[in-house]
Each structure stands twice: as structure tokens, then as C-alpha cells.
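Numbering (this note's numbering), first residue to last: 74 to 190. Quick reminder that beta carbons are idealized off the backbone N, C-alpha and C, glycines included.
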């Protein structure tokens with residue numbers, strides 16, 4: 074079993090797309106403006122899709138989203154260089170190492186580097 078997609082409710086689509094596309098390097102697959110301030114953008118998250126929804130009637134959020142990274146140290150260096158705050162520096166886990174950051178909407182991003190086998 075694997076996750077197909079993660080849905081994030083965002084309060085500002087352009088800022089959110091810029092973060093996920095330009096900083097985390099997830100390419101945009103499709104954009105769907107639906108009117109009345111509602112729009113959906115789908116990004117390719119590698120193993121799964123990321124669905125961003127802007128809808129003024131919905132509260133933003135998702136508590137956490139896990140993102141596998143091949144090299145945690147270089148990923149953190151790149152994020153810091155782009156002005157992203159790291160909210161928890163790397164710690165060892167049973168699967169490797171993990172650190173946390175936040176996206177522009179305050180969603181926690183778990184950045185996970187798995188042990189090499």
C-alpha cells in the first residue's frame with residue numbers, strides 16, 4: 074500500500090504553488106480554476122500526487138506531510154538558503170533521520186532520509 078495523494082487546503086494558491094514547485098521541486102501536473110475563489114492545483118510528488126485546494130469556505134491545513142529525501146543535509150541546506158525555517162533539526166529515527174519544516178500555510182513537513190541498505 075502507498076499513498077496516492079495528499080490534499081492540502083491553502084489560503085493563497087500562488088504562494089503555495091511557488092513553495093512546492095520552486096523550493097521543493099514538485100512539478101505542476103494540472104491547474105483547475107473553478108471560480109468564486111476556488112481553484113485546485115495538482116503537483117507530482119514523486120511517488121504520489123499533491124493536491125492543493127484554495128477555497129475561502131475551507132480552513133487551511135493538514136498537520137503533517139512526510140517527504141522522502143535522498144540526502145537530508147543537502148536538502149536542509151537548500152531550504153535554509155531559500156529562507157525556509159527548519160523547525161526541528163535532524164534526529165535519528167528507526168528508519169533513518171528526520172527533520173521538520175513548515176510550508177507557507179503552517180503545515181508541518183517531515184523531511185525523511187531513510188537508511189541506506
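Residue 132 and residue 112 look like a contact to me (Cβ under 8 Å); what is the Cβ gap, rounded to whole Å? Cβ atoms of residue 132 and residue 112 stay farther apart than 8 Å, at about 17 Å.
Residue 131 - DSSP class collapsed to helix/strand/coil: coil
What are the residues that DSSP puts in a beta bridge with residue 173? Residue pairing from DSSP places residue 173 in a beta bridge opposite 161 and 183.
Between the CA atoms of residue 151 and residue 78 - distance to the nearest angstrom: 25 Å
What distance in whole Å lies between the Cβ atoms of residue 125 and residue 83, which are believed to be in contact at a cut-off of 8 Å? 5 Å
Going straight from the alpha carbon of residue 75 to that of residue 115, what length do you get? Residue placement at residue 75 is poorly supported in this model, since its pLDDT is 49, which falls under 50; the coordinates are not used for a value here.
Enumerate in chain order the residues of its own chain whose CB-to-CB distance from residue 100 is below 8 Å, with the five nearest sequence positions on each side excluded. 94, 116 and 117
What number of angstroms, rounded off, separates the C-alpha of residue 167 from the C-alpha of residue 109? 46 Å
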